[in-house]
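Written out below as structure tokens is the structure these notes cover.
Residue numbers (the working numbering): 34 to 269.
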């Protein structure tokens, strides 16, 4: 069977360029194998030639499209859907998806520390969708942070998010381990310290935070995954 051509869920592009993004000390800190390093490298550094989105952003775009119920790529979908009464909270920049998300009329952007995932400054049931990308691994209590995301969602709202995931092992808390940063340790700030290394059980964190169902959207598995966690009609 002929392998299906990989398509960018942001713009529809089908050609990609690979950039090197990992460094030796990070690979050693995470104790990942060469095979694992290769797919993490793709997750962060394989870029769509047309729009510049990496595989992580493309997986997230696919999760967003699933919630919106569209088969159109994201840049086309927002043109037809942006006029709908859909309220969005984007916490920190979700890769390069921000320019597309901003086209929604009821869009709010919040970055740390103004928006702390442990104390999101919005009322219960404010948003249809909360979006964040590779942010959860930097917070001390990811389940509580996800619970806060759920709190500000409307009853049938959804959280779309990514975390860097090593699929062949379980998640681990880095408390007591040497500091590991995303970015240059010489210039990185405390909010870039990695608190949790996510593994195959990453999806359970959303369930433990009270979401009723979680679907996983992948691009060239295991290179990139994104999660769509639905709130459902449950009592808060």
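Where is the CB? At the ideal position from N, CA and C, for every residue including glycine.
Whole-angstrom distance between residue j and residue i, CA atom to CA atom
i	j	result
residue 83	residue 45	8 Å
residue 130	residue 181	22 Å
residue 68	residue 74	10 Å
residue 108	residue 201	33 Å
residue 144	residue 192	16 Å
residue 253	residue 233	16 Å
residue 265	residue 156	18 Å
residue 70	residue 246	30 Å
Neighbour-count burial assignment, residue i, 16 or more Cβ in a 10 Å radius
i	result
residue 188	exposed
residue 173	exposed
residue 63	buried
residue 147	exposed
Residue i vs residue j beta-carbon contact at 8 Å
i	j	result
residue 250	residue 96	yes
residue 106	residue 42	yes
residue 166	residue 137	no
residue 183	residue 244	yes
residue 52	residue 91	no
residue 99	residue 261	yes
Residue from the options whose Cα sits closest to the Cα of residue i
i	options	result
residue 117	223, 87, 134 and 60	134
residue 55	197, 101 and 264	197
residue 72	262, 255 and 259	255
residue 125	112, 104, 168 and 90	168
residue 141	160, 223 and 238	160
residue 212	204, 49, 199 and 229	229
residue 238	122, 178 and 225	178
Reduced DSSP category for residue i - H, G, I as helix; E, B as strand; rest coil
i	result
residue 182	helix
residue 250	strand
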